[in-house]
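Quick notes on the structure that follows.
Numbering (the numbering used here), first residue to last: 45 to 169.
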């Protein structure tokens with residue numbers, strides 16, 4: 045499921061990933077929005093779902109986010125992403141009690157707000 049959220053005052057094309065144990069932002073998007081860069085004391089290994097598919101996380105950032113009525117600073121690991129500006133994973137979803145409804149393609153927030161997912165790429169072609 046994809047959605048638009050606001051990071052640092054700018055709209056971000058976002059993958060909502062209930063299987064991701066991190067929130068991630070692309071370095072290009074972080075730079076474009078002037079997100080502060082935090083160098084990690086130690087590199088963190090990013091393990092993906094494919095055999096041999098891994099990367100290293102060297103930087104993170106903490107930026108203001110506005111999504112479904114939730115406003116506040118959120119930590120993101122800076123990760124080379126393909127196609128998306130950022131990924132919202134379980135840290136954000138759990139902390140804020142966001143329910144992902146894959147059947148209705150919606151995100152439901154505890155404050156009663158509902159955010160519809162963006163159309164599937166094949167639907168918009």
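Built from N, CA and C at the ideal position, the CB exists for glycine as well.
- If only uninterrupted beta strand (DSSP E) runs of at least 3 residues are considered, those enclosed by the region 113-153 are 114-122, 130-132, 143-145 and 150-152.
- For residue 74 and residue 122, the gap between their C-alpha atoms comes out near 8 Å.
- Between the alpha carbons of residue 155 and residue 114 lies a distance of about 9 Å.
- One thing to note: residue 78 has its Cβ no nearer than 8 Å to the Cβ of residue 102.
- Distance from the Cα of residue 125 is smallest, within the candidate group 65, 62, 52 and 71, for 71.
- The beta carbon of residue 152 lies closer than 6 Å to those of 143 and 158 in the same chain, with the five residues before and after it left out.
- Judged by DSSP secondary structure, residue 74 falls within the alpha helix (DSSP H) whose first and last residues are 71-76.
- Proximity to residue 87 across 80, 104 and 76 peaks at 104, based on C-alpha coordinates.
- Note that the C-beta distance between residue 111 and residue 49 is below 8 Å.
- Inclusion of residue 45 and residue 146 in the CB contact set at 8 Å is warranted, their separation being smaller than that value.
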